[in-house]
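Residue numbers for the sequence shown follow the UniProt record's numbering, so the first one is 1 and each next one is one higher.
No residue lacks a Cβ here, since even glycine has one placed at the ideal position from N, Cα and C.
All values reported here derive from a predicted model rather than from experimental measurement.
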Amino acid sequence: MKPKPKFFLHPQETRQPDATEKAKAMDPHPIKFSQPIENSKMIHKKMRRHILSLPTRLTYLAETSQTTPVSTAPVEYAPPAPDSFNFHQEISRLQSLRSKLAHSRTLNDKHSVLNDDSRVKRFFETGGVSRFLDSIHLTSRELFFLKCLVAAGQEHVISLEGIELVECEAVESVRTSVKSALYSLVEIIEGFGLSDNGNKGLEKINYGLNLNDEEIKDLKKLLKSLKEVEEFYDCIGGIIGAADLGRGYGIMVLELLFQSTFKEQTTNWSQHIKESMECQFLEIHSPSGLDLSKNTEYASQAALWGIEGLPDLGEIYPLGGSADRLGLVDPDTGECLPAAMLPYCGRTLLEGLIRDLQAREYLYFKIYGKQCVTPVAIMTSSAKNNHKRITSLCERLSWFGRGRSSFQLFEQPLVPAVSAEDGQWVVTKPFAPVCKPGGHGVIWKLAYDKGIFKWFYDHGRKGATVRQVSNVVAATDLTLLALAGIGLRQRKVGSDLTKLGFASCKRNSGATEGINVLIEKKNLHGQWAYGLSCVEYTEFDKFGVTSGPRPTNGVSGGRLECTMQNIADNFTNTYVARCCKGVEEKLDTFIVYNERRKVTSSAKKKRRHSDNSLHQTPDGSLLDILRNAYDLLSHCDMELPEIEGNDKYVDHGPPFLIFLHPALGPLWEVTRQKFNGGSISKGSELQIEVAEFSWRNVRLDGSLIIIAEHVMGSTRVDPNGEPILQYGNRCGRCRLQDVKVVNKGINWSFGDNVYWKHDVQRFEALKVILHGNAEFEADNVTLQYTRLEADGRSTANSHPSLNIVAIENSVVVEAGNHTFEIPDGYKMKITSGGSGS
Numbered sequence: 001m002k003p004k005p006k007f008f009l010h011p012q013e014t015r016q017p018d019a020t021e022k023a024k025a026m027d028p029h030p031i032k033f034s035q036p037i038e039n040s041k042m043i044h045k046k047m048r049r050h051i052l053s054l055p056t057r058l059t060y061l062a063e064t065s066q067t068t069p070v071s072t073a074p075v076e077y078a079p080p081a082p083d084s085f086n087f088h089q090e091i092s093r094l095q096s097l098r099s100k101l102a103h104s105r106t107l108n109d110k111h112s113v114l115n116d117d118s119r120v121k122r123f124f125e126t127g128g129v130s131r132f133l134d135s136i137h138l139t140s141r142e143l144f145f146l147k148c149l150v151a152a153g154q155e156h157v158i159s160l161e162g163i164e165l166v167e168c169e170a171v172e173s174v175r176t177s178v179k180s181a182l183y184s185l186v187e188i189i190e191g192f193g194l195s196d197n198g199n200k201g202l203e204k205i206n207y208g209l210n211l212n213d214e215e216i217k218d219l220k221k222l223l224k225s226l227k228e229v230e231e232f233y234d235c236i237g238g239i240i241g242a243a244d245l246g247r248g249y250g251i252m253v254l255e256l257l258f259q260s261t262f263k264e265q266t267t268n269w270s271q272h273i274k275e276s277m278e279c280q281f282l283e284i285h286s287p288s289g290l291d292l293s294k295n296t297e298y299a300s301q302a303a304l305w306g307i308e309g310l311p312d313l314g315e316i317y318p319l320g321g322s323a324d325r326l327g328l329v330d331p332d333t334g335e336c337l338p339a340a341m342l343p344y345c346g347r348t349l350l351e352g353l354i355r356d357l358q359a360r361e362y363l364y365f366k367i368y369g370k371q372c373v374t375p376v377a378i379m380t381s382s383a384k385n386n387h388k389r390i391t392s393l394c395e396r397l398s399w400f401g402r403g404r405s406s407f408q409l410f411e412q413p414l415v416p417a418v419s420a421e422d423g424q425w426v427v428t429k430p431f432a433p434v435c436k437p438g439g440h441g442v443i444w445k446l447a448y449d450k451g452i453f454k455w456f457y458d459h460g461r462k463g464a465t466v467r468q469v470s471n472v473v474a475a476t477d478l479t480l481l482a483l484a485g486i487g488l489r490q491r492k493v494g495s496d497l498t499k500l501g502f503a504s505c506k507r508n509s510g511a512t513e514g515i516n517v518l519i520e521k522k523n524l525h526g527q528w529a530y531g532l533s534c535v536e537y538t539e540f541d542k543f544g545v546t547s548g549p550r551p552t553n554g555v556s557g558g559r560l561e562c563t564m565q566n567i568a569d570n571f572t573n574t575y576v577a578r579c580c581k582g583v584e585e586k587l588d589t590f591i592v593y594n595e596r597r598k599v600t601s602s603a604k605k606k607r608r609h610s611d612n613s614l615h616q617t618p619d620g621s622l623l624d625i626l627r628n629a630y631d632l633l634s635h636c637d638m639e640l641p642e643i644e645g646n647d648k649y650v651d652h653g654p655p656f657l658i659f660l661h662p663a664l665g666p667l668w669e670v671t672r673q674k675f676n677g678g679s680i681s682k683g684s685e686l687q688i689e690v691a692e693f694s695w696r697n698v699r700l701d702g703s704l705i706i707i708a709e710h711v712m713g714s715t716r717v718d719p720n721g722e723p724i725l726q727y728g729n730r731c732g733r734c735r736l737q738d739v740k741v742v743n744k745g746i747n748w749s750f751g752d753n754v755y756w757k758h759d760v761q762r763f764e765a766l767k768v769i770l771h772g773n774a775e776f777e778a779d780n781v782t783l784q785y786t787r788l789e790a791d792g793r794s795t796a797n798s799h800p801s802l803n804i805v806a807i808e809n810s811v812v813v814e815a816g817n818h819t820f821e822i823p824d825g826y827k828m829k830i831t832s833g834g835s836g837s
């Protein structure tokens, strides 16, 4: 069945104009300025346009003998709403139009219906519009999109920016035609320009020729955007709607705005939810499921199922979000960047997702001796050049050694941001509505439309794992593998299809995150339906969920959004009678629980200097990574400092830095076989980028960095000329036993350290770099920056690259601030019995 998205209105934080902006606006009816997306000043800082102040969206500038002032506020704008916008009247008008369009079988018939609409007729019959449209050679379908836009009450989107009128007799003679052109497409058609003849009047130029290259580009972009909105939202009837499909984008936005703005005038939320979900009874319950942290034996078995079933799984990454809260900017160009490009722990978030996946594939290779390359589908968008940047990153990294054919990139449509007062689309300039990605929930329908599910099926896949790019801990230990294993093992009732599962955890009160719930409802036919779903934090009030975050008082805009988790609403199981406890075991949906820091810790918003909370920031998620490292290594008979609460690290860095390549496991049961004994002192740094590794009784006081060129294998060129990673082929190796590493390490007092980027200043560090299949071993030695003197002379023995001193059956190597670089095919070994080789 074709997936049908569930929509809700996603609020955007806004600000109100300051006193200066208010003073610049024209009295008595100033234009309504809003900033529907965060960091708008940064995004649109170059768009300082002169915007005419207008009394309403349906009236035009009246004749006047005075100069018309303009506002120069560099923000997005929308036509101001009337004092009391009539939602019911506008919805009724659109519903009537929708009904007529539903009975139109051809595109010409739809044109006829739209031509009879009063709003369309008034707009397109204004002088010169038809001639202008003929001059730019629009297709019949493109013209249909523009008419839909006007019919939906968004004619201001295709208006030219206001121009300042200067009082003179020449202007007065043409004022009648000018006034109706100022806030409509007629500005373009009539093509007025200020002459420089001394009278500063307006002279007419050729139709269509007053569109500059940027405006033509914006118009084409607008038509493309309208086409995408119409096609993607075809399941609800497109821009206007169709009676046999749905309410349409415009009607749905108005209905949601009316519900959220005038809640006190509508039916109570309980009744509204029942009606929207087509049921006569509805309750939500806290769902029960397997707790991986408590039932460890079954959790391990489930993880093994996940490893075994890896060849049956695909991977899906929804990366199309704009991530405005992250405030990520290219330091060289100043351009805004999408979340996938966040440089986290030394690499982009997208690279982190692929490296987690390859770690699971490497474990599969170690167990079964077979190469497994998982197909990856990535949903991008045009926001912040998202699609272009992600494609460029993949190409630069040679598609991560996986081959281009193992990836499918598909682009999600952008949806217009709307004013909360009357549903008007917010624009930055003519033909340029503010558009944002419409939520991760579009992924299901879009994947269906773009053939992604068929592509997975053609690769022999029975299911797929979905990863959120900003969640940096989801692949920790066995969470993902157990989730996938249970989904593959427990088939849907009467089917060979996999179940839909959620990985969940205890919710932090006040966090901007949804919750998983068990929905129980009695449908209109008297049957009882059960299923797991997700309630977004923006809808907590509707369902009576407590301790949810409250929107800021400045919210005055939003966008129509659909949620990824609500695909589960279509996976309910129905029964004749009401079920008692234990119904979860019979459902086609399931849930697994684990400790929060093994399930979710997101890097989704930028930390402000004044913030005392690190929640959902890169800084806070790093602390969870370090907590996981503590839990992992402290069970290996190792001593290291414990991570305290986030509030302890608001003003200074963490007590240590530990970054372990996931291919060391990724299951902790595997990783712990590679670590035993020793200690890591406070202020130390450990980075291990090698899978074949052994740590036995190693004491670290300072910085130790071990990097292998071939962590999990080397690449070979396939018949198509692409480099493909061959797991287990010519890997680098490192073994440390009874070793002490001492150096000054990180300069923790350096003010520009960015720990979550792993961008730090060091006094000293010991680095081991393994090229190709190089190996490094150290046994019973102390590696520290020191020089022992005897009778005023150095006792260090001669060595090509090291100073080595034998001391009571041990070796002190003057290498505290040194890099051991071992060439491909060589092995360096430092022991207590020799000079090293």
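Please classify residue i: is it buried, with 16 or more other beta-carbons within 10 angstroms of its beta-carbon, or exposed?
{"i": "TYR233", "result": "buried"}
{"i": "GLY289", "result": "buried"}
{"i": "GLN89", "result": "exposed"}
{"i": "GLY501", "result": "buried"}
{"i": "THR67", "result": "At THR67 the pLDDT is 34, less than 50, meaning the model places this residue with poor confidence and gives no usable figure here."}
{"i": "ASP567", "result": "The sequence shown places Ile at residue 567, not Asp. Per the 10 Å Cβ criterion, buried."}
{"i": "GLN154", "result": "buried"}
{"i": "GLY198", "result": "In this predicted model, GLY198 has a pLDDT of only 38, less than 50, meaning its place in the structure is not dependable; the value taken from the coordinates is given anyway. Exposed, because fewer than 16 other Cβ atoms sit within 10 Å of the Cβ of GLY198."}
{"i": "VAL716", "result": "According to the sequence as given, residue 716 is Arg; it is not Val. The residue in question, ARG716, is exposed, as its Cβ has fewer than 16 Cβ neighbours within 10 Å."}
{"i": "PRO413", "result": "buried"}
{"i": "GLU536", "result": "buried"}
{"i": "SER286", "result": "exposed"}
{"i": "ARG467", "result": "buried"}
{"i": "ALA577", "result": "exposed"}
{"i": "LEU788", "result": "Unreliable placement is indicated for LEU788, whose pLDDT of 41 sits below 50; the coordinate value is still reported in the next sentence. It is exposed - the Cβ of LEU788 has fewer than 16 other Cβ atoms within 10 Å."}
{"i": "ASP619", "result": "buried"}
Compare the Cα-Cα distances from residue i to each of the options and report the closest residue.
{"i": "LYS581", "options": "LEU623, TYR530, LEU766 and PRO618", "result": "TYR530"}
{"i": "ILE707", "options": "LEU664, GLN726, ILE680 and SER749", "result": "LEU664"}
{"i": "CYS534", "options": "TYR344, THR498, LEU497 and THR572", "result": "THR572"}
{"i": "GLY485", "options": "PRO413, GLN301 and THR333", "result": "GLN301"}
{"i": "MET341", "options": "HIS440, PHE144, SER392 and GLU361", "result": "SER392"}
{"i": "LYS740", "options": "HIS609, ILE680 and SER118", "result": "ILE680"}
{"i": "ASN720", "options": "GLY713, ARG402, THR671 and GLN616", "result": "ARG402"}
{"i": "SER601", "options": "GLU513, ARG578 and LYS682", "result": "GLU513"}
{"i": "PHE738", "options": "ARG627, THR428, LYS606 and LEU700", "result": "One point to set straight first is that residue 738 is Asp, not Phe, in the sequence displayed. Ranking ARG627, THR428, LYS606 and LEU700 by Cα distance to ASP738 puts LEU700 first."}
{"i": "SER621", "options": "ARG597, ASP637, GLU642 and LEU633", "result": "ARG597"}
{"i": "PRO433", "options": "GLN424, TYR368, GLY441 and ARG404", "result": "GLN424"}
{"i": "ARG141", "options": "ASN570, SER684 and LEU107", "result": "LEU107"}
{"i": "ILE316", "options": "LEU524, SER96 and PHE456", "result": "PHE456"}
Can residue i and residue j be called in contact, C-beta distance under 7 Å?
{"i": "VAL781", "j": "GLY732", "result": "no"}
{"i": "CYS372", "j": "LEU304", "result": "no"}
{"i": "ILE240", "j": "LEU101", "result": "yes"}
{"i": "LEU222", "j": "PHE431", "result": "yes"}
{"i": "ARG360", "j": "GLY248", "result": "no"}
{"i": "ALA482", "j": "ALA299", "result": "yes"}
Could you please give me the residues that DSSP links to residue i through a beta bridge?
{"i": "THR391", "result": "In DSSP, THR391 forms no bridge with anything."}
{"i": "ILE822", "result": "LEU770"}
{"i": "GLU639", "result": "SER679"}
{"i": "MET379", "result": "PRO318 and PHE410"}
{"i": "TRP528", "result": "LYS522 and TYR575"}
{"i": "ARG735", "result": "SER694 and GLU777"}
{"i": "ARG762", "result": "ILE746"}
{"i": "ILE706", "result": "ILE688 and VAL768"}
{"i": "GLY713", "result": "TYR727"}
Can you list, in chain order, the stretches of the beta strand (DSSP E) that have 3 or more residues and sit fully within the segment 442-521? 463-466 and 500-504
Every unbroken beta strand (DSSP E) within the segment 676-704, with a cutoff of 3 residues, ordered by chain: 685-689 and 692-701
Suppose only complete runs of 3+ residues qualify. What are the beta strand (DSSP E) ranges in the segment 562-617, listed by chain order? 573-575 and 589-593
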